[in-house]
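Asks: Pasting a structure here, questions to come.
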Amino acid sequence: MNTITAAITAVGAYVPDFVLSNKVLETMVDTNDEWITSRTGIKERRILKDTDKGTSFLAIKAAQDLIAKANIDPLEIDMVILASATPDMPVASTGVFVATQIGATNAFAYDLQAACSSFLYGMSTASAYIASGKYKKVLLIGADKMSSIVDYTDRATCIIFGDGAGAVLFEPNYEGLGLQDEYLRSDGVGRDFLKIDAGGSLNPTSYETVRDNKHSIVQDGKTVFKYAVTNMADASELILKRNNLTNTDVDWLVPHQANKRIIDATASRMELEDSKVLVNIEKYGNTTSATLPLVLYDFEHLLKKGDNIILAAFGGGFTWGSIYLKWAYDKK
Ligand code: UT7
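Just add 1043 to the spot in the sequence shown (first one is 1) and you have the working numbering.
Next up, the structure:
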């Protein structure tokens, strides 16, 4: 009997046209290009300016890009998972709307929220459905309109985040390619360090919450940074050891793009040379659920069938982990 593994067989993406550069941010808050570049590695980010469009717009575009590139019939998609921290609405699943809009009307769909680890956790979920043998095509989309929850007077957050979306298709593989191992963790100690205070069941929207600006994302950057560096590096080191991999066995590191210094610390712990570390943070900033698929999309041309890839993420909550994946195809 052949064992089923879950492999990524296609990638799609979308970022909005509008570019918010460090230079423009200098005119909005007390910051400068040199500080942002040296402390984060970010030069610019994309922003969805249309006020009548939400995260679903980004997700639909990324999914449609994948469907066109891979030439698949959306009716064959069994399941759509939307990884996102910024759903269109608090209630009424954005993933369900996206699935219908892309014509995946035979699929069931839902949203998955784990802050910046949403896509990594979604990979685990998508893979488990495929490995069960019950589903043949699972579409995982990571999409976030971070600009909808960023306070553009807060220099601690507005310089970091951007909008974007990426999508991958998971299908069964019988050659042992695809997801090999995962190490996923979470710790509620993180709740106070990265959050939106109001608008949930604990502190519902009121005149006071709006007046007091409690609906934007706030973070204790230093604390989040410390936890991120330690945990992303620990998780990546652990997954290497557990799979008897050394730095020479790893072809690529695909890290969450929150801060170039966090990426460097993870790569250094894995003793990886820079050329194996895939980074596009300078173009998009931190797009939360979209960073991992946007990296896969931007560097798809470098990935070869059989390549050993380590994906790693850290996010609010706290949530974090690492996944070991064998790439399943050469780009045509
Ligand atoms: O995806 C998961 C979620 N988020 C993260 O992973 C983010 C993790 N944290 C970070 O990336 C970093 O903590 C930040 C980029 C947010 C901040 O960098 P930092 O090196 O930790 O800076 P800091 O907060 O320790 O601030 C250092 C100094 C402070 O000034 P003083 O007190 O030394 O005079 C800040 O007020 O830099 C100041 N500062 C700024 N200066 C210019 C803070 N933000 C800015 C800014 N421009 N945008």
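Glycine residues also receive a C-beta, built at the ideal position from the N, C-alpha and C atoms.
#1: Taking Cβ to Cβ, would you say residue 1298 is nearer than 8 Å to residue 1355?
#2: Helix, strand or coil, according to DSSP, for residue 1251 in the structure here?
#3: Enumerate in chain order the residues of its own chain whose CB-to-CB distance from residue 1272 is below 6 Å, with the five nearest sequence positions on each side excluded.
#4: Output the boundary residues of the beta strand (DSSP E) element that contains residue 1298.
#5: Looking only at its chain, what residues have a beta carbon closer than 7 Å to the beta carbon of residue 1282, apart from the 5 residues adjacent to it on each side?
#6: What does the alpha-carbon distance come out to for the pair residue 1044 and residue 1222?
#7: If distances are taken between C-alpha atoms only, which option among 1046, 1241 and 1262 comes closest to residue 1254?
#8: What runs of the beta strand (DSSP E), each 3 residues or longer, lie entirely inside the region 1117–1199?
#9: How about residue 1337: is its Cβ closer than 7 Å to a heavy atom in the ligand UT7?
#10: Closest by CA to residue 1294, which one among 1270, 1373, 1351 and 1326?
#11: Which runs of the alpha helix (DSSP H) spanning at least 4 residues fall entirely within the region 1289–1369, listed in chain order?
#12: Contact between the region 1081–1096 and the region 1147–1155 is defined here as three or more beta-carbon pairs at a separation below 8 Å; is this criterion met?
#13: State the start and end residues of the unbroken alpha helix (DSSP H) segment that holds residue 1077.
#14: How would you write the range of the alpha helix (DSSP H) that residue 1285 sits in, first residue to last?
#15: On the criterion of 16 or more Cβ atoms from any shown chain inside 10 Å, does residue 1187 qualify as buried, or is it exposed?
#16: Using alpha carbons as the reference points, say which of 1257, 1243, 1139 and 1167 lies closest to residue 1213.
#17: Measuring CB to CB, does residue 1246 end up less than 8 Å from residue 1194?
#18: Considering residue 1100, what are the terminal residues of the alpha helix (DSSP H) in which it resides?
#19: I need the straight-line Cα distance from residue 1331 to residue 1128, nearest angstrom please.
Replies: Working from what's here:
#1: To locate residue 1298, count along the sequence shown from 1; it is residue 255. To locate residue 1355, count along the sequence shown from 1; it is residue 312. Yes.
#2: The count along the sequence shown starts at 1 and reaches residue 1251 at position 208. Looking at residue 1251 - three-state DSSP - the assignment turns out to be helix.
#3: Mapped onto the sequence shown, residue 1272 falls at position 229. The residues are 1305 and 1308.
#4: As a first step, residue 1298 is located in the sequence shown; it is residue number 255 there, counting from the start. Here the beta strand (DSSP E) through residue 1298 covers 1295–1298.
#5: Sequence index remark: in the sequence shown, residue 1282 carries index 239 (1-based). Here the set comprises 1224, 1226, 1353, 1365 and 1367.
#6: Numbered from its first residue, the sequence shown carries residue 1044 at position 1. Numbered from its first residue, the sequence shown carries residue 1222 at position 179. Residue placement at residue 1044 cannot be trusted, given a pLDDT of 48 that sits under 50; what the coordinates show is reported in the next sentence. One C-alpha to the other measures close to 19 Å.
#7: Taking the first residue of the sequence shown as 1, we reach residue 1254 at position 211. The shortest Cα separation from residue 1254 among 1046, 1241 and 1262 belongs to 1241.
#8: 1122–1126, 1151–1155 and 1181–1188
#9: Position 294 of the sequence shown, counted from the start, is the residue given in the question as residue 1337. No - the ligand UT7 has no heavy atom lying nearer than 7 Å to the Cβ of residue 1337.
#10: To locate residue 1294, count along the sequence shown from 1; it is residue 251. Checked all of 1270, 1373, 1351 and 1326; the closest Cα to residue 1294 is 1351.
#11: 1303–1312, 1324–1327 and 1334–1341
#12: no
#13: For the purposes of this step, residue 1077 is taken as residue 34 along the sequence shown, with counting starting at 1. 1076–1083 is the span of the alpha helix (DSSP H), which, as asked, contains residue 1077.
#14: By 1-based counting over the sequence shown, the position of residue 1285 is 242. Start and end: 1264–1285.
#15: Within the sequence shown, the letter at position 144 stands for residue 1187. It is buried - the Cβ of residue 1187 has at least 16 other Cβ atoms within 10 Å.
#16: On the sequence shown, position 170 is the one that residue 1213 refers to. When each option's Cα is compared against that of residue 1213, the closest is 1167.
#17: If you number the sequence shown from 1, residue 1246 lands on position 203. If you number the sequence shown from 1, residue 1194 lands on position 151. In this structure, residue 1194 does not lie closer than 8 Å to residue 1246 by Cβ.
#18: As a first step, residue 1100 is located in the sequence shown; it is residue number 57 there, counting from the start. Where residue 1100 is concerned, the enclosing alpha helix (DSSP H) stretches over 1098–1113.
#19: To locate residue 1331, count along the sequence shown from 1; it is residue 288. To locate residue 1128, count along the sequence shown from 1; it is residue 85. Cα to Cα, the separation comes out at about 8 Å.
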